[in-house]
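Take a look at the structure below.
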Amino acid sequence: MKIDKSTNVLIFGCGGMLGDSVYRLFSENATVLATDLTPNEEWLSFADVRDYDSVKKVALDFKPDLIINLAALTDLEYCEKNPENTWLTNALGPENTALIADYLDIPLVYISTAGIVDGLQDVYNDFDKPNPLSLYAKAKYHGELFTTSFLKKHFVFRAGWMMGGGPQKDKKFINKLFKQLNSGAKELFVVDDKLGTPTYTKSFAKGILNVVESGLYGVYNQVCEGECSRYDVAKEFVKLLDLDNTVKITKVDSDYFKSDYFATRPASEKLVNLKLGARGLNVMPHWKDALEAYSTEFIKELKK
Ligand SMILES: NC(=O)c1ccc[n+]([C@@H]2O[C@H](COP(=O)([O-])OP(=O)(O)OC[C@H]3O[C@@H](n4cnc5c(N)ncnc54)[C@H](OP(=O)(O)O)[C@@H]3O)[C@@H](O)[C@H]2O)c1
Numbered sequence: 004m005k006i007d008k009s010t011n012v013l014i015f016g017c018g019g020m021l022g023d024s025v026y027r028l029f030s031e032n033a034t035v036l037a038t039d040l041t042p043n044e045e046w047l048s049f050a051d052v053r054d055y056d057s058v059k060k061v062a063l064d065f066k067p068d069l070i071i072n073l074a075a076l077t078d079l080e081y082c083e084k085n086p087e088n089t090w091l092t093n094a095l096g097p098e099n100t101a102l103i104a105d106y107l108d109i110p111l112v113y114i115s116t117a118g119i120v121d122g123l124q125d126v127y128n129d130f131d132k133p134n135p136l137s138l139y140a141k142a143k144y145h146g147e148l149f150t151t152s153f154l155k156k157h158f159v160f161r162a163g164w165m166m167g168g169g170p171q172k173d174k175k176f177i178n179k180l181f182k183q184l185n186s187g188a189k190e191l192f193v194v195d196d197k198l199g200t201p202t203y204t205k206s207f208a209k210g211i212l213n214v215v216e217s218g219l220y221g222v223y224n225q226v227c228e229g230e231c232s233r234y235d236v237a238k239e240f241v242k243l244l245d246l247d248n249t250v251k252i253t254k255v256d257s258d259y260f261k262s263d264y265f266a267t268r269p270a271s272e273k274l275v276n277l278k279l280g281a282r283g284l285n286v287m288p289h290w291k292d293a294l295e296a297y298s299t300e301f302i303k304e305l306k307k
C-alpha cells in the first residue's frame, strides 16, 4: 500500500520507546492518530487495547487505513508478578486490534519479540520455531499466533534488544546503564552470558514503513546487523560516551542479578533478518553504528 498524507494510521501503545520513533516517522508521511494507556505527550490520546469497545470506538471514529499495535507490558519481572494483566495486555490486546483490523478489512502491524525463542540454538531466522520461556514471551507469542492465523493482512516484526526513546523514554538496557553512569558509577556489572541483537527504534520504524509499502504480508525478523552480549554493548556504549578510561566494566553471569531479573531469559535470542534480506527490504544498520547514533542523545544529557 502507498502511504501518504491521505493514509490514516492508527497507533496503539505509542507512548513508549518504539512509539516515539514510529510516531515521528509516520506523522511526516501519513495522517496519524497516536494513542496510549498513559498519554504522556500532547500528540497522544487515550486508548486501552485490553478494552475491545474502546479500541473499536477509536477506530470507527478515525477510520484508519492501517493499524499499528505497539502496546505491551515490556517489564519481564512485572509480567511474572502480574499474569492477568500480562495476558490481557500482551495477548488479548493483539486479539482486539486484529479483530478490529479484520472488521475494517485493513492491514495490521504487530510487534513481536526475539524473546519468544528458547535460546537452545545459536541464532534464529524467521522460520525457526519459537518456544517462549517467560510469561511475557508466552503472551507476546500468543499475540503473534492470533494475528498471523486470524488475519491475512498482517505484518509481524520480531524485534530484539530495543534501543530508543532517549533518556526520557528508554526503559531498557542502555538507559539502565546510563542512569548508573549519570549518577557517577565508576564500575558497571554486566552479564556476558546473554546473547542477542540490539534493535534501533529509528531504523525499525523505517523498516515498518518500507515493508508495509511493499505489501508483502508476513512475519519478519527485524533487528540490527551483527551480534553481541550485553557486556559487548556496555563496553561500546561506555566508549562512545568517552568514559572508558574512568569506568570499569566487570563481567558477571546471570546468577549475579537473579533476585532482580528472575524471569527466564533465553541464553541466545540472536535473530537474523533472512526474509528482509532476501526481499531487499532490510534497512537495519549494524548495532555498533546504531548505538553510535543513539548515544548522541545521552552525550547531550551528560553535558547538562
Ligand atoms: N523493549 C524491548 O526491548 C522490546 C523488544 C522486542 C519487542 N518489543 C515490543 O515492541 C513493542 C513496543 O514496545 P516498547 O519497546 O516501545 O515498550 P514501551 O516503551 O514499554 O512501550 C509500550 C507502550 O504500551 C503502553 N501500554 C501498556 N499497556 C497498554 C494498554 N493496555 N493499552 C494501550 N497501551 C498500553 C505502555 O504504557 P505504560 O508505559 O503506561 O505501560 C507503553 O507506553 C511492544 O509490542 C513490545 O512487546 C519490545
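Here this note's numbering is used: the first residue of the sequence shown is 4, the next is one more, and so on.
Quick reminder that beta carbons are idealized off the backbone N, C-alpha and C, glycines included.
These figures come from a predicted structure and were not determined experimentally.
Do residue i and ligand 1 come close, with the Cβ less than 7 Å from some heavy atom?
| i | result |
| --- | --- |
| ASP51 | yes |
| ILE119 | no |
| ILE114 | yes |
| TRP164 | yes |
| LYS182 | no |
| PHE301 | no |
| PHE65 | no |
| ALA75 | yes |
| LEU21 | yes |
| LEU40 | yes |
| LYS175 | yes |
| LYS205 | no |
| LYS84 | no |
| LYS209 | no |
| LYS60 | no |
| THR200 | no |
| GLY168 | yes |
| LYS273 | no |
| GLY16 | yes |
| LYS179 | no |
| LYS242 | no |
| LYS143 | yes |
| GLY96 | yes |
| THR92 | yes |
| LYS172 | yes |
Could you tell me how far apart the beta carbons of residue i and residue j are, in whole angstroms, since I believe they sit closer than 8 Å?
| i | j | result |
| --- | --- | --- |
| ALA37 | CYS17 | 4 Å |
| THR200 | VAL226 | 4 Å |
| VAL255 | ASP247 | The Cβ separation is near 19 Å, so there is no contact. |
| LEU136 | ILE70 | Between ILE70 and LEU136 the Cβ distance is about 29 Å, and since that is not below 8 Å, they are no contact. |
| SER115 | LYS143 | 6 Å |
| VAL250 | LEU294 | The Cβ separation is near 16 Å, so there is no contact. |
| ASN11 | PRO67 | 5 Å |
| LEU284 | LEU28 | With a Cβ gap of about 16 Å, LEU284 and LEU28 do not count as contacting. |
| GLU80 | TYR264 | 7 Å |
| GLU300 | PRO170 | 7 Å |
| SER48 | ALA208 | The pair is not a contact, with the Cβ atoms about 20 Å apart (cut-off 8 Å). |
| VAL286 | SER206 | 6 Å |
With a 10 Å radius around its C-beta and 16 neighbouring C-beta atoms as the bar for buried, classify residue i as buried or exposed.
| i | result |
| --- | --- |
| ALA74 | buried |
| ASN224 | buried |
| MET166 | buried |
| TRP290 | buried |
| ASN72 | buried |
| THR92 | buried |
| PRO110 | buried |
| ILE119 | buried |
| TRP46 | exposed |
| ASN99 | buried |
| GLY210 | buried |
| MET4 | exposed |
| LYS307 | exposed |
| LYS174 | exposed |
| PHE260 | exposed |
| LEU76 | buried |
(request) Taking 8 Å as the threshold, find out whether the region 195-202 comes into contact with the region 134-147 through three or more Cβ pairs. (result) Taking a contact to require three or more Cβ pairs closer than 8 Å, the region 195-202 and the region 134-147 do not qualify as touching.
(message) Whether or not the region 268-281 and the region 225-237 are in contact is what I'm after, with contact meaning three or more pairs of Cβ atoms, one per stretch, closer than 8 Å; do they touch?
(response) Under the 8 Å Cβ criterion, the region 225-237 counts as touching the region 268-281, having at least three qualifying pairs.
(message) Any contact between the region 121-138 and the region 276-285? By contact I mean 3 or more CB pairs, one from each, below 8 Å.
(response) Yes: the two stretches touch, three or more of their Cβ pairs being nearer than 8 Å.
(request) Report yes or no: do three or more beta-carbon pairs, one from the region 89-104 and one from the region 43-63, lie closer than 8 Å? (result) A contact exists between the region 89-104 and the region 43-63.
(request) Answer yes if the region 17-30 comes into contact with the region 168-185, meaning at least three C-beta pairs across the two stretches below 8 Å, and no otherwise. (result) Two segments are said to touch when three or more pairs of C-beta atoms, one from each, lie closer than 8 Å; by this definition the region 168-185 touches the region 17-30.
(message) Between the region 208-225 and the region 149-159, can you find at least three pairs of beta-carbon atoms closer than 8 Å?
(response) Because the criterion of three Cβ pairs below 8 Å is met, the region 149-159 and the region 208-225 touch.
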